[in-house]
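Quick note: my numbering has the sequence shown finishing at residue 169, numbered continuously throughout. Since the structure comes first, as structure tokens, the remarks are kept for the end.
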Amino acid sequence: MYGGLALFAFIFFSASDGSAQQTIRGCEIKPRTGCAGGNLSGQNLLKAELAGADLSNANLSGADLRGADLYRADLSGADLSNANLSNAILNRSDLSGANLSDADLTAAQIRAADMSRANLTGADLKRVELTYTNLTGVTWVDGRTCAEGSSGDCK
């Protein structure tokens with residue numbers, strides 16, 4: 015009986031922490047999923063495993079993506095305005111042309127990513143890691159445009 019109780023507790027915790035595979039509005043929440051142009055606005059994607067996913071031009075506005083794994087994900091042209099991406103892993107992701115206005119990127123890892131032409135107006139970048147990230151043409155937090163060749167820091 016004790017072993018069964020422990021197993022139940024493990025399954026319950028796994029499902030409640032956002033890591034269980036699920037389908038939301040026709041989009042499978044799993045690594046390498048294809049959900050280009052999908053509507054996941056306002057959804058709870060806490061700790062979602064979306065490495066290598068195609069979320070280009072998707073609507074993720076207001077989504078909870080805290081701690082999500084978006085390594086090498088295609089988020090080009092995606093609407094991530096007002097999304098919570100704190101502690102998310104976005105290393106080597108394509109965020110070119112994405113709208114990240116008013117997004118919370120606190121402590122997010124965004125190393126070696128392409129953020130060219132993204133909108134970061136009003137975004138929270140506390141403790142964010144932008145090493146080797148292409149920031150060419152980015153609309154920065156304060157509204158200025160990052161110069162051609164900006165990498166890791168808006169110039």
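Cβ atoms here follow ideal geometry from the backbone N, Cα and C, with glycine treated the same way. If you're wondering where the values come from, they're calculated on a predicted model, not measured in any experiment.
*With 16 other CB atoms within 10 Å as the buried threshold, where does A161 fall?*
exposed
_For N133, which residues in the same chain have their Cβ closer than 7 Å to its Cβ, ignoring the five residues on either side in sequence?_
N113, L114, S115 and T153
*Over what stretch of residues does the beta strand (DSSP E) that includes T37 continue unbroken?*
Q36 to I38
_Measuring alpha carbon to alpha carbon, tell me which residue in E143, S164 and A77 is nearest A92._
A77
*For G51, is the classification buried or exposed, using 16 other Cβ atoms within 10 angstroms of its Cβ as the cut-off for buried?*
exposed
_In the DSSP output, which residue or residues are listed as bridge partners for C41?_
I38
*Indicate the three-state DSSP secondary structure (helix, strand or coil) for N71 in the structure shown.*
coil
_CB contact flag (L74, L99, <7 Å)_ = no
*Could you name the residues that DSSP lists as bridge partners for S165?*
N148
*In terms of alpha-carbon separation, which member of S130, L89 and D156 lies closest to S164?*
S130
*asked:* Residues in the same chain with beta-carbon distance under 7 Å from G111, minus the five sequence neighbours each way, listed in chain order, please.
replied: S90, G91, R131 and A132
*How about N53 and R39: do their beta carbons lie closer than 7 Å?*
yes
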